[in-house]
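Presented below is the structure to which this report refers.
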Amino acid sequence: MGKLDVKMNKAADKLTIQMAGTIDEDVDFSQFNLAGNQAIEVELSGLKSINSCGIREWIKWMGTAGGASVSFSHCPKVIVDQINMVDGFLPATGKVTSFYVPYYNDDSGSEKNVLFRYGTEFQEGSVTPPSSVKDEEGNEMEMDVIESKYFKFIKK
Amino acid sequence: MKKRGISIRYKILLLLTSLPLITLSVYLVLALRIFEDDKIAYVFDSSSNMSGTMAAQIKTQLNSVLGTTKPIFQDYLTQQKFTSISDSIFLNEYNLEAVVVFTPGQAGSYQQTALLEKVPGQTVGVLGGLQSQMATYFTEVEATRRMVKVPFSDDRVFIFEKVSDETKTRNTIFLVIARMSEAAEMFRTALSQKMYLISQDGTVLFGPDGSPGRKLQETVAPAFLKNISSQVAQGAETTKASNGTELLVSFSRAGFGDLTVVTTVEKEKALGAVQILIRKSLIFFGILIAATVILSLFASSGITQALTQLFSATQKVAEGDFNIRVDVKSNDEVGSLADNFNIMAAEVSRLLEQTAEKARMESELQTAKTVQETLFPETRAKIGPLAIAGYYEPASECGGDWWHYCQIGNKIFLWIGDATGHGAPAALITSAAKSASTIIERLNISPAKALELLNRSIYDVSKGRIMMTFFLASFDLETGELVYCNASHEAPFLIKKGEGPLKKKDLIPLNEVNNPRLGQARDSVYEQTSIQVEEGDSVFFYTDGIPDIQNPGKEAWGEREFLKALIAANKDYPGVNDSVDRFVVTFQGHRQGAPLVDDVTFFVVKHEGLQ
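Taken in order, these protein sequences are the chains called A and B. In this text, residue positions in the first sequence follow my numbering: the first is 1, and each later residue adds one. In this text, residue positions in the second sequence follow my numbering: the first is 1, and each later residue adds one.
So this is what it looks like as structure tokens:
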């Protein structure tokens with residue numbers, strides 16, 4: 001098994017992809033054909049990291065989707081960072097339907113990833129974070145990102 | 001090198017010849033021993049048969065003589081004289097020479113009382129010759145009833161027979177003189193073995209020439225003669241003759257008087273066949289060993305020839321010649337060894353070439369590193385109101401990060417970029433970027449236009465294989481305006497000077513515009529924007545290698561710790577030198593000397609005012 005695990009499920013008019021692992025220079029996306037689909041759903045919760053060579057391969061791979069609408073769900077922070085930073089990482093027809101926002105409590109050291117969903121915690125141009133996020137011990141947690149940077153892709 | 005000992009060829013030769021030699025020798029010794037024992041048993045058997053047959057024949061002949069003379073004895077004892085019947089019987093027996101009768105006289109001693117003889121007067125002479133022993137003979141025959149003597153000079157025998165009357169008070173001794181020419185001749189002429197007719201005391205009666213009249217013990221002293229009372233009728237033994245010769249002796253008691261037939265045969269002669277067997281075996285051995293040696297030479301030369309080739313080849317290898325190859329065509333272990341040697345030599349040769357190539361490449365990389373270091377500016381500078389301090393550390397000899405600053409007119413251009421990956425390929429792209437920037441700097445154009453030109457340059461160099469994130473800003477020395485253009489690079493942080501200590505919310509990412517990476521597409525158009533940098537404000541430029549810094553446990557520093565360190569280093573809005581130094585101390589504390597996974601580059605600029 002390679003460093004990246006990709007599961008593809010082709011329905012009548014939709015391709016569902018689940019990805020887990022690492023995207024780097026060793027990844028070979030040519031075996032995962034995106035062409036010929038009207039809609040593609042990519043589930044990314046298992047993705048651990050992506051480096052600069054992996055970004056290059058990702059953008060080339062997404063380019064093969066053509067005019068298909070691509071939705072990304074359960075995007076981890078590593079993907080959100082790349083969406084914000086790398087122009088073209090999110091294809092022109094791409095849309096994020098949900099993503100994780102890291103929270104932490106500096107005193108207890110607790111961490112939590114809170115899923116922000118389209119239509120609930122965010123929509124075009126605006127973010128509505130939960131009014132309060134607490135850890136298992138009831139400690140108030142704060143967002144572990146710089147909001148103006150992390151939510152940049154929503155406010156475009 | 002260790003001194004060379006005996007060649008394997010000779011060892012194999014020695015092994016192949018000594019093995020059959022030892023095996024056959026052991027076999028020969030065992031076979032000879034069995035053969036010798038069997039032969040001795042055979043000789044004992046045949047000589048015992050001969051002595052037994054001869055003893056039976058002697059007994060038969062003597063009994064025949066006595067059987068013939070019994071009527072004569074009876075005739076005499078009845079008539080007290082020989083009648084015509086006795087004469088008739090006597091004359092018809094050609095081997096009878098005389099019958100002499102002895103009866104006790106007045107004094108008790110035996111006196112001749114009658115005589116039958118073929119040749120008149122002849123017996124007187126014979127008796128005269130025996131006169132001296134007659135008294136002893138009479139005593140013996142009194143005791144033994146029957147006795148046989150010989151004159152030792154011819155083939156006659158003297159049979160003494162004591163006959164008692166019915167009351168056993170009066171004894172008559174008959175002396176029968178008869179010829180046993182055939183028997184005597186047989187004892188004389190026995191060839192392969194000697195045959196003796198002896199009396200109880202060992203006196204030879206008949207035997208080979210020179211032996212009659214002598215004691216057998218003078219020649220050989222078999223054990224059975226030492227035990228006179230033994231009743232063993234027949235036997236055989238090995239004993240030594242007086243001259244030291246080993247003899248196989250067998251005996252058979254005749255069962256007539258005290259006569260015994262003894263045969264002797266020299267062991268050496270008896271075992272002559274064994275000697276022949278040994279000689280023939282040795283000849284066979286010689287032929288076998290010669291054949292073994294020849295075959296061994298053929299067999300060993302095949303092996304040793306290949307080994308000699310291997311030996312020579314290893315010597316060449318020891319001298320540093322790894323291009324040597326061994327030509328062995330056999331398919332056995334030696335052939336496999338030669339094949340493996342060839343593979344090993346080829347592999348060593350390849351590794352040597354690879355090592356030399358690696359050394360050359362390392363040397364070139366070192367040169368490239370030295371060259372690349374010239375691409376970076378002085379890490380500390382002050383240009384007008386703008387103070388600059390930077391830090392750069394590649395993950396390997398050459399890095400893919402690059403930063404730079406330069407003054408064009410009244411503007412300071414601030415460059416930072418990160419090529420895809422790191423190492424030599426990325427370093428080559430940074431070198432191309434530096435070259436292009438040198439030209440672009442002279443054009444006095446905006447950051448967006450500059451990145452458009454730089455993008456074309458990178459794209460033409462890498463053909464889309466290597467890209468570069470880039471952030472270019474120009475700081476106006478007079479107005480404090482910072483115009484920037486981002487090509488998908490980590491957004492720098494504007495650190496606005498506030499009243500209190502720096503907080504996380506005071507970090508303003510410069511991410512209002514973003515553009516494709518350099519080298520992604522040739523004709524990309526880049527947008528720029530501007531912000532105002534006030535006196536006391538700083539801008540922190542960096543590459544993505546900083547959050548990736550790992551400690552020896554491979555734990556990444558992470559964005560949270562990175563931001564904490566950035567805030568801590570600038571909490572009191574220090575000068576750029578302090579800011580950089582504090583930040584370096586913090587991340588080195590996490591790193592603890594662990595190798596970098598990506599290049600680390602950052603620099604801080606601060607608007608310190610015109611004073």
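We put the beta carbon where it would ideally sit given N, CA and C, even for glycine.
Check                                                                                                                                          : Outcome
Residue 565 of chain B vs residue 587 of chain B beta-carbon contact at 8 angstroms                                                            : yes
Opening and closing residue of the alpha helix (DSSP H) in which residue 156 of chain B lies                                                   : Element bounds for residue 156 of chain B: not the alpha helix (DSSP H) but the beta strand (DSSP E), 156-164.
Residue 85 of chain A: contacting residues in chain B (beta-carbon distance under 9 angstroms)                                                 : 469, 486, 488, 489, 490, 491, 511, 514 and 544
Option nearest residue 341 of chain B by Cα separation, candidates B:327, B:164 and B:353                                                      : B:327
Cross-strand partners of residue 263 of chain B (DSSP beta bridge)                                                                             : B:195 and B:250
Nearest-angstrom Cα separation, counted from residue 579 of chain B out to residue 530 of chain B                                              : 24 angstroms
Selection of the stretch 53-64 of chain A by Cβ proximity to chain B, strictly under 7 angstroms                                               : 53 and 56
Alpha-carbon spacing of residue 21 of chain A relative to residue 438 of chain B, whole angstroms                                              : 41 angstroms
As assigned by DSSP and simplified to three states, the class of residue 182 of chain B                                                        : helix
For residue 489 of chain B, three-class secondary structure by DSSP                                                                            : coil
Residues of the stretch 15-34 of chain A whose Cβ lies closer than 8 angstroms to any Cβ of chain B, in chain order                            : 25
Through-space distance from residue 308 of chain B to residue 10 of chain B, alpha-carbon basis                                                : 13 angstroms
For residue 117 of chain A: DSSP bridge partner residues                                                                                       : A:98
Given residue 218 of chain B as reference, the closest of B:474, B:198, B:230 and B:233 once Cα atoms are compared                             : B:198
Close Cβ partners of residue 1 of chain A (< 6 angstroms) along its chain, the five nearest in sequence each way excluded                      : At residue 1 of chain A, the pLDDT of 45 sits below 50, so the modelled position is not reliable and the matter cannot be decided from this model.
Cβ pair residue 32 of chain B, residue 274 of chain B closer than 8 angstroms                                                                  : yes
Helix, strand or coil at residue 1 of chain A according to DSSP, with G and I counted as helix                                                 : Bear in mind that the predicted position of residue 1 of chain A carries a pLDDT of just 45, short of 50, making it too unreliable to give a figure here.
Alpha-carbon to alpha-carbon, residue 56 of chain B and residue 654 of chain B                                                                 : For residue 654 of chain B there is no data in the structure shown, the boundaries of chain B being 1 and 611.
Contact set between residue 126 of chain A and chain B, taken where Cβ atoms lie within less than 7 angstroms                                  : Correct list: empty, because the minimum Cβ distance to chain B is about 17 angstroms.
Contact set for residue 483 of chain B: own chain, Cβ-Cβ below 6 angstroms, skip 5 residues either direction                                   : 447, 474, 528 and 530
Whole-number beta carbon distance between residue 461 of chain B and residue 419 of chain B, since they are thought to touch under 8 angstroms : Contact doesn't hold; Cβ gap of about 11 angstroms is too wide.
Within chain B, the residues that residue 98 of chain A reaches when beta carbons sit closer than 8 angstroms                                  : Under the 8 angstroms cutoff, chain B gives no residues; its nearest Cβ is about 21 angstroms from residue 98 of chain A.
Three-way DSSP call (helix, strand, coil) for residue 90 of chain A in this model                                                              : coil
Proximity of residue 395 of chain B and residue 596 of chain B at Cβ, strictly below 8 angstroms                                               : yes
When B:200, B:15, B:214 and B:243 are compared against residue 227 of chain B, the one with the closest alpha-carbon                           : B:200
Interface residues of chain A facing residue 520 of chain B [CB-CB closer than 9 angstroms]                                                    : 56, 59, 87 and 88
Span of the alpha helix (DSSP H) around residue 17 of chain A                                                                                  : Taken as a continuous stretch (DSSP letters only), residue 17 of chain A belongs to no alpha helix (DSSP H), being part of the beta strand (DSSP E) at 14-23.
6 angstroms Cβ shell around residue 537 of chain B - same chain, five flanking residues per side excluded                                      : 496, 497 and 607
For residue 149 of chain B, three-class secondary structure by DSSP                                                                            : strand
Span separating the alpha-carbon of residue 415 of chain B from that of residue 389 of chain B                                                 : 13 angstroms
Cβ contact (3+ pairs, closer than 8 angstroms) linking the stretch 70-87 of chain A and the stretch 35-43 of chain A                           : yes
Three-way DSSP call (helix, strand, coil) for residue 398 of chain B in this model                                                             : coil
Residue-level contact to chain B via CB, residue 108 of chain A, 8 angstroms cutoff                                                            : no
Interface partners of residue 95 of chain A on chain B, CB under 7 angstroms                                                                   : The contacting residues do not exist; residue 95 of chain A stays about 18 angstroms from chain B at best.
The stretch 291-308 of chain B touching the stretch 74-82 of chain B, judged by at least three CB pairs closer than 8 angstroms                : no
contact_flag[the stretch 161-169 of chain B, the stretch 264-283 of chain B] where n(CB pairs < 8 angstroms) is 3 or more                      : no
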